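Visitor:
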Amino acid sequence: MVDLIRAAGLWEENQEYLKQCLGYSNSNRFGAHWVLMPDVPFPKFNHASRIRLASEAVDGLITECRAFFRARRLPFSSLMVTPATEPADLPARLYRLGFTSETNPVMLWGGTPIRGEHRELRVEYADRSQSPLLFDLISQVFFPGAGHETIAMGRRAVDISYDIGALNYIAYWNGRPAGAGMLFCREGMGGIYNMCTLPQFRGRGVATAVLAAALHDATRLGCEGVGLTPTAMGRPLYEKLGFREIYEERYFVERF
């Protein structure tokens, strides 16, 4: 397992690159990168991230952050902090200014191979022609009954995954689509995303089989580590399969 600060930097790069591809801002100024997804108006999807700047530049970053989100009519400004953030005292400074924080756990695979073999299960790569099926599986699990804007963003996310070289997987139980997942490798870090199993197939090893395929590919592609941010439902499985929480991302939020 890579050391904490390096792992945090690699994971931050992995997921924030995905968010910038999906969103509407890929700017880099004041030693930070900017994520803007106003159709999903929450700090996790709208923030300044990958912050690497000198201590004396913090005031300028905060001023820029406030102006950036006010101009886009979001009700807050937000900065994401990880163990790789510089300066290290940024959280304390933000607390003193009245920012509050929300957390998001990050788990890293310990490297122990897992087996996902089950005679009723088959995991295949999902090429672009299968994107409608892939999206249908993801939407049934993550946003059933969602509105038009959420559906549109979900479809956009699936399309973009192919554009940036991510690997998508579909699991079949006796020939029936049962679940899915995605691996995105960048700068030596593999990211696991969109892990989902349809309710009627849960408890049959579907997620384990998809993870086994993704971890095999991550190793083959030379990733130093493989990370994910777990759902409450998925976390016990990830722990069982050798993932461990290594830190919490913190989203520092100031409401206007």
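The opening position of the sequence shown corresponds to residue 775 in this note's numbering, with each subsequent residue numbered one higher.
From the three backbone atoms N, C-alpha and C, an ideal C-beta is built for every residue, glycine too.
Treat the numbers as computed from the prediction; the structure is a model and nothing was measured.
#1: Can you give me the start and stop residues for the beta strand (DSSP E) that residue 1001 sits inside?
#2: Given residue 844, which residues of its chain have a CB within under 8 Å of its CB, disregarding the five upstream and five downstream residues?
#3: With contact counted as at least three CB pairs below 8 Å, one residue from each stretch, are the region 1006-1025 and the region 922-933 in contact?
#4: Is the beta carbon of residue 890 closer than 7 Å to that of residue 982?
#5: Using a Cβ-Cβ cutoff of less than 7 Å, which residues in the same chain neighbour residue 789 once the five nearest sequence positions on both sides are dropped?
#6: Which whole-angstrom value describes the C-beta separation of residue 826 and residue 787, a residue pair presumed to lie in contact below a C-beta threshold of 8 Å?
#7: Can you list, in chain order, the stretches of the beta strand (DSSP E) that have 3 or more residues and sit fully within the region 873-899?
#8: Please go through the region 962-1025 and give each complete beta strand (DSSP E) segment of 3 or more residues, from N-terminal end onward.
#9: Answer yes if the region 952-968 comes into contact with the region 904-918, meaning at least three C-beta pairs across the two stretches below 8 Å, and no otherwise.
#10: Going by C-alpha to C-alpha distance, which of 1014, 1008 and 978 sits closest to residue 896?
#11: Taking a contact to mean a Cβ-Cβ separation below 7 Å, would you say residue 882 touches residue 781 in this structure?
#12: List the DSSP bridge partners of residue 867.
#13: Thinking residue 905 and residue 932 are a contact (beta carbons under 8 Å), I'd like their distance in whole angstroms, please.
#14: Is the region 985-992 in contact with the region 807-820, if contact means three or more CB pairs nearer than 8 Å?
#15: Tell me whether residue 811 sits in a helix, a strand or coil according to DSSP, three-state version.
#16: Buried or exposed, going by whether 16 or more other CB atoms sit within 10 Å of the CB of residue 1028?
#17: Take the Cβ of residue 849 as the centre, count every other Cβ of all protein chains shown within 10 Å, and call the residue buried at 16 or more, exposed below.
#18: So which of 1010, 864, 984 and 877 has the shortest CA-CA distance to residue 892?
#19: Cα-Cα, which of 853, 886 and 793 is closest to residue 958?
#20: With a Cβ-Cβ cutoff of 7 Å, do residue 834 and residue 804 count as a contact?
#21: Which whole-angstrom value describes the C-beta separation of residue 1008 and residue 785, a residue pair presumed to lie in contact below a C-beta threshold of 8 Å?
#22: The beta strand (DSSP E) that contains residue 906, what's its start and end?
#23: For residue 859 and residue 876, what's the separation of their Cα atoms in angstroms?
Guide: Short version:
#1: From DSSP, the beta strand (DSSP E) with residue 1001 extends over 999-1002.
#2: Closer than 8 Å at the Cβ level, and outside the excluded window around residue 844, lie 851 and 1030.
#3: Touching, no.
#4: A contact, by the Cβ cut-off of 7 Å.
#5: Within the same chain, residue 789 has close Cβ partners 965.
#6: Between the beta-carbon of residue 826 and that of residue 787 there is about 11 Å, and that puts the pair past the 8 Å contact cut.
#7: You should have 874-883 and 895-899.
#8: Taking only runs of at least 3 residues, the beta strand (DSSP E) segments lying wholly in the region 962-1025 are 963-971 and 999-1002.
#9: At 8 Å Cβ cutoff, the stretches touch.
#10: Per the Cα distances, 978.
#11: One thing to note: residue 882 has its Cβ within 7 Å of the Cβ of residue 781.
#12: Paired residue(s): none; residue 867 is not in a bridge.
#13: Confirmed, Cβ separation roughly 5 Å.
#14: With the cut-off at 8 Å, the region 985-992 and the region 807-820 do not touch.
#15: Taken through DSSP and simplified to helix, strand or coil, residue 811 comes out as coil.
#16: Taking all protein chains shown into account, residue 1028 has 16 or more neighbouring C-beta atoms within 10 Å of its C-beta and is therefore buried.
#17: Around the beta carbon of residue 849, fewer than 16 other beta carbons lie within 10 angstroms, which makes this residue exposed.
#18: In this structure, 984 is the residue among 1010, 864, 984 and 877 with its C-alpha nearest to the C-alpha of residue 892.
#19: With respect to the C-alpha of residue 958, the residue from 853, 886 and 793 having the closest C-alpha is 793.
#20: A contact, by the Cβ cut-off of 7 Å.
#21: At roughly 17 Å, the Cβ-Cβ gap does not stay under 8 Å, so residue 1008 and residue 785 are not in contact.
#22: Run containing residue 906: none in the beta strand (DSSP E); it sits in the alpha helix (DSSP H), 905-916.
#23: Rounded to whole angstroms, residue 859 to residue 876 spans 16 Å at the Cα level.
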